[in-house]
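Protein sequences, first through last, are from chains A and B.
Per our numbering, residue 1 is the first one in the first sequence, and the count goes up by one each step.
Per our numbering, residue 1001 is the first one in the second sequence, and the count goes up by one each step.
One structure is given below, encoded as structure tokens.
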Amino acid sequence: MVTTGKPPLLEAAGISKSFGPVEVLGDINLALEPGEVHAIIGENGAGKSTLMKILAGHLAPTKGELKIDGTPVVMAGPVDAEHRGIVLVHQEILLAPDLTVAQNIYLGREIRKGLSVDDKAMNKGAAEAVRALGIDIDPNIVVGRLSIAQRQLVQIARALLVPHRVVIFDEPTASLTLTETDALLRVILDIKKKGAAVLYISHRLPEVKEIADRVTVLRDGKLITTRPAEGLEPVDMARLMVGRDVAKLYPDRVATQAVDYALEVEGMDVPGYAHKASFRLKQGEILGFAGLVGAGRTELLEGVVGLRSAHGKVKLNGKPVHFVTVRDSMRAGIVYLSEDRKGKGLLLAQNLGINLTLAALGQFLRGMLIDRRKEAKALDGAIAEFDIRTRSKDLLAGQLSGGNQQKLLLAKMMLLDPKIVIIDEPTRGIDIGTKEQIYKFIAELAESGKSVIVISSEMQEVIGICDRILVMRNGHIVGEVTGEHMTEDEIVVLATGVTSREAAMTAAHA
Amino acid sequence: MTDTTANKSAARRSLGDIDLRAVAPFVALAFLLVLGALVNPNFLGVDNLLNVLTRSAFIAIIAVGATFVISAGGLDLSVGAMSAFVAGVMILFMNTGVIEGQIPMLMVAMLLAVGVGALCGLANGVITTAGRIEPFIVTLGTMGIFRALTIYLAEGGSIAMKAPDLRAAYRPVYFGNLFGVPIPILVILAVALIGAFLLYRTAFGRHVIAVGSNEDVARYSGIPVNRVRTLTYVIQGVCVAIAVLVYVPRLGAATPTTGLLWELQAITAVVIGGTALKGGVGRIWGTVCGALILEVVGNIMVLSNFVSEYLIGAVQGAIIIIAMLVQRSLVRRR
């Protein structure tokens, strides 16, 4: 970073933000210099997204002011911020699935030729914009047919199309694979080289270490420190974020000695996603499903529990069962926690109590009536047991941070008192402190004799908590790794199908 | 100590942020009552008010059913045509005279009407869920079917109750009163109370809200989404039938114009009442209030000379649009 004596590109001076009586950000001072990558890290609920929304004009600060080139400004909204050269790349995908890549990239700023739109020019521009990100996507393809990762990249291409001086990335790599992440990090370094400032929010601390020039740590709405990234190791960052030592993320485990199988799946076909998949889950075991995004892990297990049409044999405690709908598997003691918390796990627009009891409402009936007192008591219990941090019990589920939503979803499904728990991407988009809690919880489930299946794209995670890992590729279970062999290398080889030499190169690259 | 303060502040906050939308229809109604009083001193007379309430009965009762359909994320455009069809079938049955005695005949005819209404609703529900077709299209189709069936049954004319004594026996259901309260008003109250109980206090009601909020979440939570959806249409059908029970004694006939534009009024009442058209929020009492607002507006138009009463449909159409705008702005303010 260069100190030129010029005022910073964008500066937050004493910014505070309150929602009602609750202050979520207090007295934040932050300066973005041209040509720097500035990372903001912090646990969920630390105030990162609020700060970002203020910087990008989505929210107005309660106190303090924003300065651009040293001049105080009041931003009227995100469009105003964009005109001033501040663009935000959202974490969620905000694209129209039925339009093409080019149409999305130019949505709202179409290139015109007379009265009609100039598709040729837009396709060309879009192809260049996408290529600049180091990926190869046909601009004519409909966005709905792209993978989540590709959509994320299209979204980035769209954001970078406007003249920008400050680019804010909100966890852009959450759904990207290693290679895609790599490509994105190169793009970010490129933006930096051109003299713009990059504000980078991520949970993946090694990434932060790799590209950030400076790191700002937020905790409970306060700015803890801003430091040069040099000499700051990921473990130090984690300590600063959480405010205590987090050397041990994964709980100690002794793999189960049980010989009985809780669940046996044989020749399971989920049309279009999984083929002839067979696996067995022991009592008290934590079984991991690893593989690349799109390998068919989610679909296979959704097929097993009756959420998708599927054919194959399923045995529960040795007895053949057949689940037509997910209600059948729930009654049999299997719960599935979707990776899509916001879309399939929780009713974001409803309150915590309604969400908590939704799957187990039968337990809260007195005759025909819902026993609201019992419901309120269950919510108190869940908040205490799962450490759900909420400023009020009347909050809507959508107002909780990602980590607390996951805890609420866990609490909701545990009300069913399941014997087998399937958790899909248990810690996606969740901060380290909460991750640790969730890992501990998963380990406790197994210790209490329940069997757990963890589907995860984070290899560290499956290696850290699972007793045994199955790897899927293109809809097939292609291998199993246990004990000593549970390493990233082994999993990558199985997941990608490339030779170990190529895999080693990929790994070295990452 | 900290607990109680937390509770108090929570209560205050919920007053601050949810209640605006719930209260808005009642404020609007109060405003209209004041306006009515200013326009015509007779407006606030007990007779006129009871009259207005009585006349709102059909729409209010149907709209309670529509609250279920809409808060589950559905829509039923067929309620008007269904009313005419149920009324026609009921009258034709009474005209057969197959049952001796007026009271038994009326009872059986009423049961039949409710049964036919429930079946019509079931048809809407099953086609929507099993056929996976947009409810807008399904009920647009059944609207045409019910309307045409009515005209067919009436052979192009109207279907009138033939037996004068049976008609006389049935009359009190619309024109009679209990302790001075007209029967239709009591029916509104009963239907709304049962509706509120179902929607707010039972597991079924919770499931309706969940399905309307996010169908995927409901499915992943093990809720039988299709069954819940279908049941909301059945409830709608039963509500239509109950409205018909009150409607038939009023004119003693079903005509090709019976129930015309009732779907517009019912949906308007629901929307004015604060139920979200995209589902996930249902307000029974708001709906009843919405139905009253529609009738009060009509009444004020008749009593005053501001606007020709022939334009009532236009005014009601404008009200639904304004109601949506108000809802939108209240959401934004949150």
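Note that CB positions come from ideal geometry on N, CA and C, so glycine has one too.
In the DSSP annotation of this structure, T427 (chain A) is not part of any alpha helix (DSSP H), being labelled neither H nor E. Distances from the CA of V1238 (chain B) to each of B:A1022, B:F1093, B:G1101 and B:L1112 were compared; the closest alpha carbon is that of B:L1112.
The region 335-418 of chain A contains, as complete alpha helix (DSSP H) runs of 4+ residues, the segments 352-357, 372-385 and 402-414 (chain order). Distances from the alpha-carbon of I1091 (chain B) to those of B:N1214, B:V1228, B:Y1174 and B:R1167 put B:R1167 closest.
Within the model, the alpha-carbon separation for I463 (chain A) versus G402 (chain A) is close to 23 Å. With the criterion set as a beta carbon lying under 8 Å from some beta carbon of chain B, the members of the region 343-354 of chain A are G343, K344, G345, L346, L347, L348, A349, Q350 and I354, in sequence order.
Under the Cβ criterion (8 Å, minimum of three pairs), the region 1244-1256 of chain B does not count as touching the region 1041-1052 of chain B. Proximity of V1217 (chain B) to chain A, defined by a Cβ-Cβ separation below 8 Å, is satisfied. Contact between V208 (chain A) and A39 (chain A) holds: their C-beta atoms lie close to 4 Å from each other, under 8 Å. In summary, the residues of the region 1200-1216 of chain B whose CB is separated from some CB of chain A by less than 9 Å are Y1200, R1201, T1202, A1203, F1204, G1205, R1206, H1207, I1209, A1210, S1213, N1214 and D1216, in the order they occur in the chain.
The region 218-275 of chain A contains, as complete alpha helix (DSSP H) runs of 4+ residues, the segments 234-242 (chain order). Contact between A149 (chain A) and E171 (chain A) does not hold, since the beta-carbon distance rounds to 13 Å and is not under 8 Å. Under DSSP, R112 (chain A) forms a beta bridge with A:V117. Between A1123 (chain B) and T1150 (chain B), the C-beta spacing is not below 8 Å. At a cut-off of 8 Å between beta-carbon atoms, L51 (chain A) makes no contact with chain B. In this structure, A1210 (chain B) keeps its C-beta atom at 8 Å or more from the C-beta atom of L160 (chain A). In this structure, DSSP gives G1313 (chain B) a helical state, which the three-state scheme calls helix. Within a 10 Å sphere around the beta-carbon of I1321 (chain B) sit fewer than 16 other beta-carbons, which makes this residue exposed. Of the other Cβ atoms in all chains shown, 16 or more fall within 10 Å of the Cβ of A126 (chain A); this residue is therefore buried. Listed in chain order, the non-local C-beta contacts of V37 (chain A) below 7 Å within the same chain comprise I188, K192, V198, Y200, I211, A212 and D213, local neighbours out to five positions each way being set aside. Of all residues in the region 22-50 of chain A, none comes within less than 8 Å of chain B when Cβ atoms are compared. Judged by pairs of C-beta atoms under 8 Å, the region 1078-1092 of chain B does not touch the region 1194-1211 of chain B, as fewer than three such pairs exist. Within chain A, no residue has its CB atom less than 9 Å from the CB of G1195 (chain B), the nearest being about 14 Å off. The beta carbon of V1288 (chain B) sits closer than 6 Å to the beta carbons of A1060 and A1192 from its chain, once the five residues preceding and following it are set aside; these are given in chain order.
Contact with chain A is found for S1221 (chain B), since one of that chain's Cβ atoms lies less than 8 Å from the residue's Cβ.
For D220 (chain A), the CB contacts under 7 Å within the same chain, skipping 5 residues up- and downstream, are A46 in chain order.
The continuous stretches of beta strand (DSSP E) do not include R145 (chain A), and DSSP gives it neither H nor E. A1318 (chain B) carries a helical assignment under DSSP once its states are collapsed to helix, strand and coil. Taking a Cβ-Cβ threshold of 8 Å, the residues of chain A close to G1280 (chain B) are L347, A349 and Q350, in chain order.
The beta carbon of P1224 (chain B) falls within 8 Å of a beta carbon belonging to chain A, placing the residue at that interface. Measuring C-alpha to C-alpha distances from I453 (chain A) to each of A:E425, A:Q437 and A:I432 identifies A:E425 as the nearest. Secondary structure of A13 (chain A) (DSSP, three-state): strand.
Listed along the chain, the chain B residues whose CB falls inside 9 Å of the CB of R308 (chain A) amount to none; the nearest CB is some 11 Å away. Going by beta carbons, I137 (chain A) and L146 (chain A) fall inside the 8 Å limit. A Cβ-Cβ separation of about 5 Å places P61 (chain A) in contact with I54 (chain A) under the 8 Å criterion. Nearest in C-alpha terms to L1325 (chain B), of all of B:V1281, B:G1274 and B:V1297, is B:G1274.
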